Structures are given as C-alpha cells and as structure tokens.
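Number of protein chains: 2
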Amino acid sequence: MTVTIKDVAKKAGVSPSTVSRVLSGHPRISLETSRKVKVIMEEMGYTPNMMAKSLVSKTTNSICIILPKPAEELFSNLFFMELIRGIVTQSSRSGYDVLISSGANEKEELEAVSRLLKGRRVDGVILLYSRKDDAVIDFLESGGYPFVLVGRSDRYEDILSVDNDNIMAAYDATNHLISMGHERIGFVSGPPNLIVSRDRLEGYRKAMQNKGLEMKAEWIVEGEFLQDSGYRAMSFFMNLPNRPTALVAVDDMVSFGVLRGLNELKYKVPEDLAIVSFNNIPLSELSSPPISSIDIGIYHLGYTASQVLIQSIQKPDNHDGYTNRFVIPHRLIVRESSMYTPGKQ
Amino acid sequence: MTVTIKDVAKKAGVSPSTVSRVLSGHPRISLETSRKVKVIMEEMGYTPNMMAKSLVSKTTNSICIILPKPAEELFSNLFFMELIRGIVTQSSRSGYDVLISSGANEKEELEAVSRLLKGRRVDGVILLYSRKDDAVIDFLESGGYPFVLVGRSDRYEDILSVDNDNIMAAYDATNHLISMGHERIGFVSGPPNLIVSRDRLEGYRKAMQNKGLEMKAEWIVEGEFLQDSGYRAMSFFMNLPNRPTALVAVDDMVSFGVLRGLNELKYKVPEDLAIVSFNNIPLSELSSPPISSIDIGIYHLGYTASQVLIQSIQKPDNHDGYTNRFVIPHRLIVRESSMYTPGKQ
DNA sequence: CTGTGTAAAGCAAACGGTTCCATAAGGAGG
DNA sequence: CCTCCTTATGGAACCGTTTGCTTTACACAG
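And the structure:
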C-alpha cells in the first residue's frame with residue numbers, strides 16, 4: 001500500500017502531527033527529530049497525498065486555463081501554444097500545476113469552470129480571450145474567484161488582465177510604413193467583437209490622422225484572423241482605382257493570405273504592396289518575403305498572466321486597485337515585406 | 001461559505017449518506033427522496049468537493065500529459081498543440097480533466113510525475129515522446145501506474161502505446177519521390193535516440209533498397225526537429241558534387257528551414273530540390289511552395305492515446321496483452337514541393 | 001400475533017492530512 | 001524549592017465524501 005503520514009510517524013516513533021510539522025518546516029521542531037523523520041520519509045518513499053492536503057487546506061496549488069472555443073481552429077494554435085508554454089513554465093516555477101480545459105460552447109465552458117472552482121479542484125483561472133459579454137466572467141466575478149484575463153476587458157474595469165498596448169502597437173506599425181514613405185495605407189481588421197481588432201484599428205487611425213493622411217473608408221476591411229481574409233482583402237485592394245501602396249494586417253495569418261494572392265497575380269512584395277502585421281509567429285520569417293511584424297511577446301504574456309494570477313491567489317488582499325492591468329511591451333520586427341520606399345526605382 | 005453535503009442533508013431533512021447516494025444514483029433510494037434532494041441541491045447551488053471525493057475514492061478523474069524536456073524548443077512545434085487538442089477533447093468527453101506538466105530536465109520530470117501519481121493528484125499519464133532509456137518509464141512501470149506512450153517503445157514490449165507505422169510512412173514518402181522520377185534522394189533525420197527518427201530512416205532505406213537505388217552515406221544527415229537543422233542540411237546537400245534532386249525530411253519544421261535556405265540562395269523548389277516531410281502541420285500548406293507531407297493524424301493520435309489511457313484506468317484488468325500497440329494510419333498529401341520530375345524542362 | 005423478508009434511510013468509520021490546545025520536561029528567576 | 005516560562009511533542013477534532021453495517025418500518029406468511 002501507499003505509505004501515509006501515520007506509517008512514517010509510527011516508524012519514527014513520533015506522532016503524525018510531528019511528521020506534518022516536519023513537512024511544513026514548523027519552527028518548533030527540534031533539529032534532531034526533523035532529521036530523523038526526514039530520513040525515514042526518504043527510506044519509506046513517502047509522498048504526501050495532495051487530496052488530503054487540499055481537503056483541509058482548501059488550496060490545490062493548481063490553476064486552470066480556459067481555451068476559447070475557436071481554439072479548435074487550427075490556425076490560432078501557434079499563438080495559444082506559445083501562451084500555454086509561458087503559463088506552464090511560470091506556474092511550475094511557482095509550484096503550481098496547470099489544468100487545461102475547454103468546452104464546445106459557452107455553456108459547457110461555464111459548467112467546467114464552475115465545477116472546477118466550486119469543486120475546489122483549482123485555485124484560479126486564466127481566460128485566454130476577451131469577448132465582449134461573457135457569462136464565465138460574470139460567474140468568476142460574482143463568485144469572487146481569482147482569475148486573470150489575457151486580453152483587455154472594456155466592460156469590467158477592475159479585472160486583472162494582461163495585455164499589449166494594441167493601440168500603440170498598431171500606431172507603431174502604421175508609422176513605420178509612413179516613415180518608409182507610404183501615404184496610401186490599407187488596414188485589414190479582425191472580427192469587430194474582439195477588442196484586439198478594435199484597438200488595432202484605432203491605432204492605425206491615430207497614426208494616419210497624426211500625419212494628416214487621408215483615410216478612405218474603402219481602405220479598411222474587416223475579416224477574421226485567417227488566411228482567407230487576407231486573400232480576399234488583397235483582391236479587393238488591388239482592384240481599387242487608387243489603390244494603397246501598403247497595408248497593415250491584424251494578424252500574420254492574414255498576411256500569408258495576402259502574400260499568396262499577390263504571388264498568384266504576379267505582384268511583388270514589397271514593391272507593389274508593402275505589408276506589416278501582428279504577432280510575429282515563427283513562420284513570419286519563413287515566408288517569402290519574410291513579413292515585418294509586431295512581436296507582442298506571446299510567451300511573456302502567458303508568463304505574466306500566470307504570475308499575476310498566482311500572486312492574487314496567494315495574497316488576495318494585496319490588490320491595490322491600481323495595477324490590475326499589466327501591459328506587455330511590443331516591438332516592431334522589420335523584415336523584407338516592408339523594406340521599400342514607394343516611387344523609388 | 002460553500003455548501004456541503006451536510007447542508008443539503010439538513011435542509012432536506014435526510015442524512016448525508018442519503019444525499020451522497022442520490023448523487024451517485026444508488027438504487028435503494030426512493031424516487032421521492034431523490035427528487036426532493038435534487039431540488040434542494042439545485043436551490044443551494046451545491047457542487048461536490050472533488051478533493052474530498054478523491055480522498056475516499058482514491059480516484060481523481062484526471063490525467064496528466066508529460067511534455068518532453070526540450071519542451072522549450074519543441075513546444076513551438078505545432079505538433080504538440082494538435083496532440084494536446086486531441087487529448088483534451090477526448091478526455092473531457094470521458095469526464096476527465098487534463099493536467100499538463102513538464103520539467104527542465106529528466107530528473108525534474110521524474111519528480112513531477114512521482115509527485116502527481118504517488119500524491120494521487122492524477123490517475124494516469126500520457127508521455128509525449130519515446131526516448132530510448134527513460135527513468136520516467138521505469139518509474140511508471142515498476143509502480144504499476146496506468147500510462148500510455150505516444151510513440152513506440154522498443155525496449156518494453158507490453159507497454160500501452162499509440163503510434164504511426166513510421167517505417168511504412170517513410171517508405172511511402174520516399175517511394176513517392178522515386179515514382180516522380182528521382183533517384184538521388186537525401187534524408188534529414190532527427191536525433192538518433194528518438195525511435196521515430198530511426199523508424200523513418202529505416203523506411204527511407206527500405207524504399208531505396210527496394211528500387212535498387214544508391215544510398216550514399218553523405219545523403220543522410222542527422223539533426224533536430226527544428227528549422228535550423230533543415231537550413232544546415234540544405235547548405236550541406238547543395239554543396240555536394242553530385243547532389244540529391246530530392247529529399248525526405250523527418251519533420252515539417254525541418255522543411256521550412258530547407259525552404260528558407262534555398263530561397264536565400266535563389267534555388268527553386270521543387271525544380272532544384274523536391275521535398276517531402278512528415279506531420280503535415282497546419283502550416284505546411286501555407287509555405288511557398290506548399291510542402292508535401294505525410295499526414296500522421298496528430299489529433300487522432302492524441303485522441304486515441306487519451307481513450308486508451310482512460311480505458312486502462314477504468315479497467316486495469318481488461319488488458320489482454322495483445323492489443324497494446326495502437327497504430328494510427330497515415331497518408332501522403334502531395335503538394336507543390338514534390339510535383340516535379342527531374343530532368344524535365 | 002409473532003416471525004421473516006425487504007426497501008429505505010441513518011450511523012459511524014474511514015480516507016490522509018493539518019492545526020488548535022494540552023502536556024511534559026527542563027531551565028531560569030525569586 | 002517552588003513557580004513560571006519556553007520548547008518540543010502528543011491528542012483529537014476537523015476538512016467533505018463514501019460505504020459497510022444497522023436500524024426502522026412495513027407487508028406478508030405461518
């Protein structure tokens with residue numbers, strides 16, 4: 001059978017309480033006893049039963065990641081994988097285990113979260129999305145459970161969240177194109193209900209306005225975070241009478257679609273159309289030409305989210321009400337897709 | 001406070017045991033009582049405490065995924081994300097939670113596994129690799145813990161594993177190139193201690209021998225499952241006096257590296273070098289040109305692994321000793337990177 | 001009317017820890 | 001020499017479930 005704290009106690013000739021105290025490094029245990037007990041634990045191959053521990057301590061030392069349902073779509077996976085990698089690495093450094101969960105729909109998601117949290121299987125939750133209205137967030141808030149959002153929430157001001165400054169990031173991306181000499185710049189956005197889409201669009205607008213550049217309505221196209229959206233946007237743009245010489249795309253996948261389309265039509269990048277996009281996924285540097293991209297530090301995003309969550313689990317009172325939004329820095333990686341000044345031969 | 005089984009019992013005017021039995025659908029509970037209790041549970045928002053349940057039932061309804069130690073790098077490979085997706089989907093269908101874990105080195109991995117299993121935090125483990133000698137496997141076997149290997153183990157015959165027929169897969173890949181008219185075919189392998197590397201190499205050899213084609217030693221290069229390996233292999237191959245006209249790469253990531261290198265040197269794919277690789281990760285069709293790849297059903301691999309593990313947890317005795325190796329079918333996806341017959345103009 | 005069988009529910013002992021409170025043994029101070 | 005304090009340890013209740021064993025309450029046969 002498995003060896004329990006009582007077995008160790010008996011063999012060491014002490015009481016279970018003493019063994020427990022040795023385990024937790026209680027100060028009032030003599031060095032001698034402590035050493036003796038530790039030797040015996042080692043000898044007997046004792047490992048504490050986490051369930052029993054959790055039962056009394058009401059703490060599990062584990063957290064849970066909720067994947068959004070469109071994570072099922074293969075494309076976004078590279079992004080999520082990086083995020084998870086950051087979370088798992090940091091969690092395990094803090095001695096926490098990570099549980100991953102996802103539901104087929106929002107109702108299932110809510111059920112899972114509720115079961116895990118109310119059933120005391122995890123101490124907190126990381127949400128890998130920022131939807132506009134969300135039953136899961138409502139549940140977490142009203143239940144007072146520790147959780148953090150990767151992404152920004154506009155509805156709830158006091159929620160812990162880890163995010164980029166996407167407005168600034170888009171501003172930087174656009175500005176880069178402007179500084180290369182572009183004046184007619186298009187924008188391919190994502191779904192309008194995602195906050196990230198809107199933030200990036202806003203950054204683009206700001207940059208254009210700032211330089212007093214014209215923004216035709218037709219230069220802004222909505223799509224998904226998918227290749228196809230880029231493909232369609234491209235063919236739309238290229239048929240415009242006074243078409244853009246450059247574009248900002250909300251996601252690298254979109255750029256790939258644009259690239260594919262331009263390639264089919266024998267257009268050249270960046271000569272016929274310069275491109276900058278977001279996320280800097282590993283493939284961005286592998287396309288031809290390599291794509292300029294805003295690196296948003298995905299791994300770092302996950303790492304920080306875990307850190308913030310665990311901190312909030314351990315000292316729930318430490319929340320000062322100010323620093324509840326953590327912003328991960330971004331940086332522009334300039335590659336071939338944007339290295340061209342229009343009009344130049 | 002959280003509502004317990006006792007609270008429900010009191011409010012319903014029954015004993016805790018009765019509530020427990022209602023919960024588990026015990027036969028000797030009157031329909032009337034059952035209904036009454038269920039209403040009250042609903043009213044009070046009762047959720048069973050998993051820790052308490054686990055403590056007595058010695059079962060956690062969760063499993064654990066162990067990521068290989070170079071997870072930091074390999075993680076970036078979409079392969080693992082797909083695998084995890086399959087595992088999580090199937091597990092949640094079976095009512096199991098999934099914990100993901102990894103260590104900085106083999107010792108840490110072993111510690112984590114031991115802590116989780118002996119500490120009764122998980123019921124079983126899925127190993128996402130198949131190394132040659134492995135302390136973790138030794139531990140799992142000697143402890144009699146339920147586990148399954150994604151990949152093949154040559155050392156332990158009776159281990160549950162889910163795998164592809166990698167020998168056949170490589171045979172097919174190579175044969176495809178041969179049937180396109182190639183005769184000088186190179187092979188970029190992975191780390192030699194991974195069984196998958198060796199199996200694929202063997203399949204390549206078989207195909208070459210079968211057609212009586214020459215296999216120069218210098219046409220076989222060892223590397224990692226990373227882009228860089230492809231990059232290096234490429235530059236090595238292209239400098240060979242009588243260089244290969246095609247190559248088989250052990251992983252799609254390797255192909256990306258090859259592609260990048262060839263692109264830099266202004267070589268054309270597939271005209272100057274045709275490529276086929278393995279895994280068919282979602283990005284394979286997005287590169288330019290799209291890469292021919294052996295689809296090994298990664299998602300399916302994960303899905304099956306979870307199924308097999310959970311089955312073995314639930315009926316440990318059901319193991320017949322025969323069907324302990326599950327083989328997931330593969331299929332060749334031909335794309336542009338291999339659609340060229342050498343010598344043709 | 002008593003004995004027996006059966007369905008429904010209760011009691012209490014686990015499961016493996018933690019922790020408050022009590023206790024015993026010294027040592028210091030008066 | 002007695003009291004009081006400190007330090008090291010033991011005892012026991014408790015965390016929220018499950019489950020084997022009783023008990024209760026009838027119904028029915030003898």
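Going down the list, the sequences are from chains A and B.
With the UniProt record's numbering, you'll find the first sequence wraps up at 345, consecutive numbering, no jumps.
With the UniProt record's numbering, you'll find the second sequence wraps up at 345, consecutive numbering, no jumps.
Every residue, glycine too, gets a C-beta built ideally from N, C-alpha and C.
Everything numeric in this text was worked out from a predicted model, so none of it was measured.
Worksheet item: Is the distance from the Cβ of residue 279 of chain A to the Cβ of residue 251 of chain A below 7 Å?
Response: A contact, by the Cβ cut-off of 7 Å.
Worksheet item: When Cβ atoms are compared, which residues of the region 152-172 of chain A fall closer than 7 Å to chain B?
Response: If you check each beta-carbon in the region 152-172 of chain A against every beta-carbon of chain B, none falls closer than 7 Å.
Item to complete: Just the chain A side, please: which residues come within less than 9 Å of residue 369 of chain B by C-beta, in chain order?
Response: The first residue shown for chain B is 1 and the last is 345, placing residue 369 of chain B beyond what the model contains.
Item to complete: Could you name the residues that DSSP lists as bridge partners for residue 189 of chain A?
Response: The bridge partners DSSP lists for residue 189 of chain A are A:222.
Worksheet item: Is the region 299-309 of chain B touching the region 85-95 of chain B, taking contact as three or more C-beta pairs under 8 Å?
Response: With the cut-off at 8 Å, the region 299-309 of chain B and the region 85-95 of chain B touch.
Item to complete: Would you tell me roughly how many angstroms separate the C-alpha atoms of residue 1 of chain A and residue 57 of chain B, rounded to the nearest one?
Response: Taking the straight line joining both Cα atoms gives about 15 Å.
Discussion item. Quick test of your reading: residue 102 of chain A and residue 66 of chain A, contact by CB under 8 Å. State the CB separation rounded to the nearest angstrom.
Written reply: That pair is a contact at about 7 Å.
Discussion item. Which residues does DSSP list as the beta-bridge partners of residue 333 of chain B?
Written reply: Looking at the DSSP assignment, residue 333 of chain B forms a beta bridge with B:293.
Worksheet item: Using a C-beta cutoff of 7 Å, does residue 118 of chain B count as contacting chain A?
Response: Proximity of residue 118 of chain B to chain A, defined by a Cβ-Cβ separation below 7 Å, is satisfied.
Item to complete: Can you pull the chain B residues whose beta carbon is under 7 Å from the beta carbon of residue 52 of chain A, in chain order?
Response: Correct list: 55.
Practice prompt. Grab the span of the beta strand (DSSP E) containing residue 243 of chain A for me, first residue to last.
Written response: Looking at the DSSP string, residue 243 of chain A is not in any beta strand (DSSP E), and its letter there is neither H nor E.
Worksheet item: Does the Cβ of residue 359 of chain A have 16 or more other Cβ atoms within 10 Å, making it buried, or fewer, making it exposed?
Response: Residue 359 of chain A falls outside the range modelled here, since chain A spans only 1 to 345, and no answer is possible.
Discussion item. Let me make sure I understand the geometry here. Which of A:169, A:94, A:170 has the alpha-carbon closest to that of residue 304 of chain A?
Written reply: The residue from A:169, A:94, A:170 with its alpha-carbon nearest to that of residue 304 of chain A is A:94.
Discussion item. To the nearest angstrom, how far is the alpha carbon of residue 224 of chain A from that of residue 270 of chain A?
Written reply: Counting only the Cα atoms, residue 270 of chain A lies some 23 Å from residue 224 of chain A.
Worksheet item: Going by Cα to Cα distance, which pick from B:25, B:42, B:240 is closest to residue 12 of chain B?
Response: Nearest to residue 12 of chain B by C-alpha distance, out of B:25, B:42, B:240, is B:42.
Fill in: chain A residues whose Cβ lies nearer than 7 Å to that of residue 225 of chain B
None at all; the shortest Cβ gap to chain A is about 13 Å.
Practice prompt. Let me know the secondary structure DSSP gives residue 308 of chain A once reduced to three states.
Written response: Looking at residue 308 of chain A - three-state DSSP - the assignment turns out to be helix.
Practice prompt. Kindly give me the distance between the Cβ atoms of residue 60 of chain B and residue 121 of chain B, rounded to whole angstroms, as I take these residues to be in contact under 8 Å.
Written response: Contact flag correct, Cβ pair sits at about 6 Å.
Worksheet item: Is DSSP giving residue 251 of chain B helix, strand or coil here?
Response: Correct three-state label for residue 251 of chain B: coil.
Fill in: Through-space distance from residue 221 of chain A to residue 189 of chain A, alpha-carbon basis
Taking the straight line joining both Cα atoms gives about 6 Å.
Item to complete: Can you tell me the Cβ-Cβ gap for residue 274 of chain B and residue 338 of chain B, rounded? I've got them flagged as a contact below 8 Å.
Response: That pair is a contact at about 5 Å.
Discussion item. Could you tell me the alpha carbon to alpha carbon distance between residue 325 of chain B and residue 301 of chain B, rounded to whole angstroms?
Written reply: Whole-angstrom Cα-Cα distance: 12 Å.
Worksheet item: Which word fits residue 31 of chain B, buried or exposed, when buried means at least 16 other C-beta atoms lie within 10 angstroms of its C-beta?
Response: Residue burial is scored here from C-beta neighbours: residue 31 of chain B has fewer than 16 other C-beta atoms within 10 angstroms and is therefore classed as exposed.
Worksheet item: If you run the structure through DSSP and keep just helix, strand and coil, what is residue 280 of chain B?
Response: Residue state, collapsed to three classes: coil.
Practice prompt. Kindly indicate which three-state DSSP category residue 14 of chain A falls into: helix, strand or coil?
Written response: Coil.
Discussion item. Can you tell me where the alpha helix (DSSP H) holding residue 91 of chain B begins and where it ends?
Written reply: For residue 91 of chain B, the enclosing alpha helix (DSSP H) covers residues 78-93.
Worksheet entry | Proximal residues, the region 98-125 of chain A versus chain B, C-beta separation under 8 Å | Listed in sequence order: 98, 99, 100, 101, 102, 103, 112, 114, 115, 116, 118, 119, 120, 121.
Item to complete: For residue 260 of chain B, return the contacting residues in chain A, with the cut-off set at a CB-CB distance below 7 Å.
Response: 286, listed in chain order.
Worksheet item: With 7 Å set as the bound, which would you pick, yes or no: does the beta-carbon of residue 81 of chain B sit closer than that to a beta-carbon of chain A?
Response: Judged by the 7 Å Cβ criterion, residue 81 of chain B is in contact with chain A.
Item to complete: Using the Cα positions of residue 37 of chain A and residue 9 of chain A, report the straight-line distance between them to the nearest angstrom.
Response: One C-alpha to the other measures close to 8 Å.
Worksheet item: Looking at the unbroken beta strand (DSSP E) that takes in residue 413 of chain A, where does it start and where does it end?
Response: Lying outside 1 to 345, the shown extent of chain A, residue 413 of chain A is not represented and no answer is given.
Practice prompt. Using the Cα positions of residue 254 of chain B and residue 342 of chain A, report the straight-line distance between them to the nearest angstrom.
Written response: A direct Cα-Cα distance of roughly 35 Å separates residue 254 of chain B from residue 342 of chain A.
Worksheet item: What is the residue span of the beta strand (DSSP E) that residue 178 of chain B lies within?
Response: Membership of residue 178 of chain B in any beta strand (DSSP E) is not indicated; the residue belongs instead to the alpha helix (DSSP H) covering 166-179.
Worksheet item: When the Cα atoms are used, what is the spatial distance from residue 105 of chain A to residue 62 of chain A?
Response: So the alpha carbons of these two residues sit roughly 24 Å apart.
Item to complete: Could you confirm whether any beta carbon from chain A is found closer than 7 Å to the beta carbon of residue 269 of chain B?
Response: Not an interface residue.
Practice prompt. State the DSSP-derived secondary structure class of residue 162 of chain A, mapped to helix, strand or coil.
Written response: Here residue 162 of chain A sits in strand by DSSP.
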